[in-house]
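Input: a single structure, listed below in structure tokens.
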Amino acid sequence: SLAEFYSYNTPAGASSNTGLEIAELSQFFFYRDTDDGTLGFVMIHDKPSNRDGGRVTFTIGPKEEGDSGLPDTAALGVSDDSGEFTVAAPEAKGVWAWATCCTDGGAIKGLEDTEFTFWITISSAFQGIGKLAARVGMEADELAELPSLSEPVKIVAAADGDGDGIVDERDNCPEDENTNQSDLDQDGVGDVCDCAPEDPNQSNFCAPCAAQLTASSPTSALLFFPVLLFPFVLRRFRG
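Here our numbering is used: the sequence shown runs in plain steps of one and ends on residue 534.
If you want it as structure tokens, here you go:
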């Protein structure tokens with residue numbers, strides 16, 4: 296479960312114990328439970344036994360007209376520590392302060408496999424944190440560092456019909472799994488769904504390819520660019 300993954304308080308007290316913690320880094324990512332398939336959103340600040348503690352306050356929710364914020368099914372999964380993180384869809388808020396012993400953070404559970412948009416807005420500046428990053432990739436093995444500790448971050452969950460970790464809007468073969476997005480003839484149609492993968496003049500005249508370009512895909516809850524375990528779209532906002 297999401298709570299078991301976060302492993303609050305065990306073995307390191309008053310801390311997350313995911314194995315992903317990094318000193319003086321605040322990170323966030325999506326987590327897909329391998330048992331029941333549910334989707335959650337995780338935030339972790341710092342690493343246990345770092346040389347100093349820290350603090351930050353930020354909100355999660357809609358910011359612009361048309362933003363959905365967190366879906367109605369969103370609920371508190373983990374609060375690190377008790378009372379510091381609250382969830383009331385479409386919004387959530389974290390008011391965190393941690394000592395040298397510990398981390399802070401939390402997790403939101405109940406994110407449906409549907410499209411949604413929310414923002415992370417820093418309302419009280421980071422202290423004791425030098426970097427903010429999104430953990431991305433199907434194996435959570437890559438950190439996408441953000442250039443600012445203060446700018447709002449927009450997160451858009453979007454459809455990924457073929458389940459290859461690339462959202463349909465950016466997938467050159469949205470109905471065929473192709474994680475490498477290979478496109479030999481550079482015509483915008485990926486090789487796995489291109490009837491003539493080495494000829495840029497043929498793809499538009501092949502019925503299966505034409506159908507591929509216009510077909511719609513079912514919705515899933517993966518994201519656009521900057522996830523543990525997944526892709527999401529992360530867009531920086533400059534006011």
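Positions of the beta carbon are idealized from the N, C-alpha and C atoms, including for glycine.
On a predicted model such as this, the values are computed, not experimentally measured, just so you know.
Apply the 10 Å Cβ neighbour rule to residue i and answer buried if 16 or more other Cβ atoms are within range, or exposed otherwise.
| i | result |
| --- | --- |
| residue 259 | Not covered by the structure: residue 259. The range shown for the chain is 296 to 534. |
| residue 322 | buried |
| residue 430 | buried |
| residue 367 | exposed |
| residue 453 | buried |
| residue 398 | buried |
| residue 316 | buried |
| residue 383 | exposed |
| residue 346 | exposed |
| residue 369 | buried |
| residue 425 | exposed |
| residue 436 | exposed |
| residue 330 | exposed |
| residue 405 | buried |
| residue 483 | exposed |
| residue 340 | buried |
| residue 456 | buried |
| residue 504 | Summary for residue 504: the model assigns pLDDT 43, below 50, so the residue's position carries little reliability; its value from the coordinates is reported in the next sentence. The residue in question, residue 504, is buried, as its Cβ has 16 or more Cβ neighbours within 10 Å. |
| residue 481 | exposed |
What are the start and end residues of the beta strand (DSSP E) that includes residue i?
| i | result |
| --- | --- |
| residue 491 | Where residue 491 is concerned, there is no enclosing beta strand (DSSP E), given that its DSSP letter is neither H nor E. |
| residue 298 | Where residue 298 is concerned, there is no enclosing beta strand (DSSP E), although the alpha helix (DSSP H) it sits in stretches over 297-301. |
| residue 386 | 386-393 |
| residue 350 | 349-356 |
| residue 335 | 334-340 |
| residue 382 | 380-383 |
| residue 370 | 370-375 |
How far does the alpha helix (DSSP H) with residue i in it reach, from first residue to last?
| i | result |
| --- | --- |
| residue 326 | No alpha helix (DSSP H) holds residue 326; the beta strand (DSSP E) holding it covers 320-327. |
Within a Cβ cutoff of 7 Å, which residues of the same chain sit near residue i, ignoring the five residues on either side of it in sequence?
| i | result |
| --- | --- |
| residue 506 | Unreliable positioning characterises residue 506 in this predicted model, as indicated by a pLDDT of 38, which lies under 50. The coordinate reading is nonetheless provided below. Result list for residue 506: empty, nothing under 7 Å. |
| residue 546 | Lying outside 296 to 534, the shown extent of the chain, residue 546 is not represented and no answer is given. |
| residue 473 | 459, 485, 487 |
| residue 305 | 312 |
| residue 440 | 426, 428 |
Among residues of its own chain, excluding the 5 on either side of residue i, which ones have a beta-carbon nearer than 6 Å to its beta-carbon?
| i | result |
| --- | --- |
| residue 380 | 374, 389, 401 |
| residue 307 | 343 |
| residue 301 | 311, 373, 402 |
| residue 319 | 424, 425 |
| residue 371 | 382 |
| residue 394 | 348 |
| residue 337 | 324, 326, 402 |
| residue 421 | 351, 444 |
| residue 376 | 309 |
Looking only at its own chain, which residues have a Cβ that is under 8 Å from the Cβ of residue i, when we skip the five neighbours before and after it?
| i | result |
| --- | --- |
| residue 386 | 354, 355, 356, 357, 364, 365 |
| residue 352 | 388, 389, 390, 391, 417, 418, 419 |
| residue 297 | 326, 328, 333, 335, 337, 372, 373, 402, 404 |
**OP:** For the stretch 400-458, list the beta strand (DSSP E) runs that are entirely contained and at least 3 residues long, ordered along the chain.
**Re:** 411-422, 426-431, 437-440, 448-453
Original post:
Taking three-plus beta-carbon pairs below 8 Å as touching, is the stretch 306-314 in contact with the stretch 358-367?
Top reply: no
Original post:
Just checking, does the stretch 442-450 make contact with the stretch 465-476 on the three C-beta pairs under 8 Å criterion?
Top reply: no
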